[in-house]
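Residue numbers (the UniProt record's numbering): 1 to 263.
Have a look at this one:
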């Protein structure tokens, strides 16, 4: 990994097509000039982080302060978590690998391994429902990644099929956990304030704001298992409030084998 912040990402990589966008980020294909290695480059917008043109001033600044603070918190948090993964976990077959970090006035650029197999979500949509054997294979890979994260004090906090990527299109390709913007490192970072993530996968403790713990991720993994086997989420409702109530109060009784229920 090169010296953080010393070089521009364009010095070492050619930036290509956009793979995806988020509220504060954009992901592009990159090609390393040195050896033509293809990578994914995630650019995190800083908004007020530093002194570049991305920092908003003047009229309207007060109204954007919350968004600016959130952007700063997410950028800082994701960098800290990814560096922790590099130091204590990588390389791991079920966690996306950080190759390099660059910074300029307006953004931080994370150079990541390129996964070409698509999201677990897309395969669920295509397949609709998994056999118990196939579901166990998927869940086993995610569980292995979570175990490595939890061992070094990281809680993901936003585990869902959209945040699990296959390394390549092969049916038996490794499945990798990604997107650590909302993650928490025990005794190092504060969990980004607020209820974040996708409600379908949130543990009751997250909804109640009653603590960040590895069990939150295990709950999310259980929801993924349920969706793999049943083809739909366990807590369905017409409104967000009713869905939250169901997550907090309803016990699900799926028509599954004993081993799956115990898992």
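Just so it is clear, CB atoms sit at the ideal spot from N, CA and C, and this is done for glycine as well. On a predicted model such as this, the values are computed, not experimentally measured, just so you know.
DSSP places residue 164 in the strand class (E or B) of the three-state scheme. Counting the other CB atoms within 10 Å of its CB gives residue 172 a total below 16, which places it among the exposed residues.
Look at the segment 92-146 and you find these whole runs of alpha helix (DSSP H), each 4 residues long or longer: 120-127. Distance check between residue 158 and each of 118, 43 and 78 places 78 closest, using alpha-carbon atoms only.
Residue 231 counts as exposed, since fewer than 16 other C-beta atoms from the protein chains shown sit within 10 angstroms of its C-beta. No residue range can be given for residue 237, since it is assigned to no beta strand (DSSP E) and is classified by DSSP as neither H nor E. Taking residue 201 as reference, the option from 153, 87 and 235 with the minimal CA-CA separation is 235.
Residue 17 counts as exposed, since fewer than 16 other beta carbons sit within 10 angstroms of its beta carbon. Excluding the 5 residues flanking it on each side, residue 198 has same chain C-beta neighbours closer than 6 Å at 160, in chain order. Distances from the alpha-carbon of residue 123 to those of 113, 135, 114 and 187 put 135 closest.
In the three-state DSSP reduction, residue 46 falls in the coil class, being neither helix nor strand. Contact check for residue 185 against residue 154 passes: the beta carbons are separated by less than 7 Å.
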